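Beneath this line is the structure, given in structure tokens, with notes to follow.
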Amino acid sequence: MADMDPNQRDREWCRQAVQGDKSAAESLLEAHYARVFAYHRRQVTSDADAADLTQDTFQRVWKSLPKYGESSSVGTWIHRIAYCTWIDWLRGRTAMEPIGESGWQVQPCPLPSPLEAAAEAEEQQRLWNEVARLPEEERQIIHLHFGQQLTQTQAADVLSMPLSTLKVRLNSALQRLRRRMSSPPNPSLNHSF
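In my numbering, the protein residues as written are -13 to 179.
Next comes the structure, spelled out in structure tokens:
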């Protein structure tokens, strides 16, 4: 299976897992666990909640495995389940907690100069602060497309929306971010942790 493309390999693991092959199920889990955990970690404020959501996601994957219809890639299908798991988790919470900027924080790449590194980190923090201010749906699109590196088609599948709608909302979000980032920073919106 090493020379198979990842989606074919995943589909083969799905078929084998449905037939009871535990090593195929483990391989599927290992191939997708890190991305699902990273997705959930950006949505919640703690590693523990992200781990719980990831576990719930894969429990749903195993229950739904016989129903997987191969109409989308396995990765997109698993991301859709992760998204639905997160939405159900939000609905089940009695008090909504705002997503803190730490959930969106990106670690800066090391730069040659400490001043350049500080400037880059500040700019990244400002960008993620602005992303956090976007409407929920636009924030999800930005996260799936840029954070999880899903194609627009895959992100549309995950969010159950037409591709054309996703493209319009992505464009709107990007224009809004460009406008906000081109204006001087607003000190009242600067959240430092």
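Using N, Cα and C, we set each Cβ at its ideal position, and we do this for glycine too.
Here the structure is a predicted model, which means the values were calculated and not measured.
By how many angstroms is the C-alpha of residue j removed from the C-alpha of residue i?
{"i": "H18", "j": "D(-4)", "result": "10 Å"}
{"i": "V92", "j": "Q110", "result": "Because the pLDDT of V92 is 47, which lies under 50, any placement of that residue in the model is unreliable, and the number read from its coordinates should be weighed accordingly. The straight-line gap from Cα to Cα measures roughly 7 Å."}
{"i": "S178", "j": "S57", "result": "Here the model assigns S178 a pLDDT of 44, short of 50, so the residue's position is not dependable, and the following value carries that caveat. Answer to the nearest angstrom: the Cα atoms are 44 Å apart."}
{"i": "D35", "j": "R27", "result": "8 Å"}
{"i": "S168", "j": "S150", "result": "27 Å"}
{"i": "H131", "j": "L160", "result": "12 Å"}
{"i": "D33", "j": "L163", "result": "28 Å"}
{"i": "R46", "j": "M(-10)", "result": "26 Å"}
{"i": "E16", "j": "C0", "result": "13 Å"}
{"i": "L39", "j": "W48", "result": "14 Å"}
{"i": "A24", "j": "S13", "result": "18 Å"}
{"i": "A118", "j": "L156", "result": "14 Å"}
{"i": "R66", "j": "E108", "result": "32 Å"}
{"i": "Q29", "j": "S146", "result": "18 Å"}
{"i": "L120", "j": "I64", "result": "25 Å"}
{"i": "L152", "j": "E122", "result": "13 Å"}
{"i": "D7", "j": "Q41", "result": "20 Å"}
{"i": "P171", "j": "R112", "result": "8 Å"}
{"i": "A226", "j": "T31", "result": "Nothing can be reported for residue 226: it is not among the residues displayed for the chain, which extend from -13 to 179."}
{"i": "G133", "j": "A20", "result": "13 Å"}
{"i": "S158", "j": "L51", "result": "36 Å"}
Any heavy atom of the ligand NAD closer than 8 Å to the CB of residue i?
{"i": "R112", "result": "No copy of the ligand NAD appears in this structure; indeed no ligand is present at all."}
Quick check on the burial criterion: 16 or more other C-beta atoms within 10 angstroms. Buried or exposed for residue i?
{"i": "A3", "result": "buried"}
{"i": "F44", "result": "buried"}
{"i": "V154", "result": "exposed"}
{"i": "A10", "result": "buried"}
{"i": "L76", "result": "exposed"}
{"i": "S59", "result": "buried"}
{"i": "T71", "result": "buried"}
{"i": "A68", "result": "buried"}
{"i": "E116", "result": "buried"}
{"i": "W114", "result": "buried"}
{"i": "T137", "result": "exposed"}
{"i": "Q135", "result": "exposed"}
{"i": "G55", "result": "exposed"}
{"i": "Q(-6)", "result": "exposed"}
{"i": "G61", "result": "buried"}
{"i": "I73", "result": "exposed"}
{"i": "C95", "result": "Unreliable positioning characterises C95 in this predicted model, as indicated by a pLDDT of 41, which lies under 50. The coordinate reading is nonetheless provided below. Result: exposed."}
- [ ] Decide yes or no for the touch test of the stretch 141 to 152 against the stretch 124 to 132: beta carbon pairs closer than 8 Å, at least 3 of them.
- [x] Taking a contact to require three or more Cβ pairs closer than 8 Å, the stretch 141 to 152 and the stretch 124 to 132 qualify as touching.
Task: alpha helix (DSSP H) runs wholly inside the stretch 27 to 52, at least 4 long, in chain order - done: Within the stretch 27 to 52, the complete alpha helix (DSSP H) segments of 4 residues or longer fall at 33 to 50, listed in chain order.
TODO: Entirely within the stretch 113 to 179 and at least 4 residues each: give me those alpha helix (DSSP H) ranges in chain order.
DONE: You should have 122 to 128, 138 to 145, 149 to 168.
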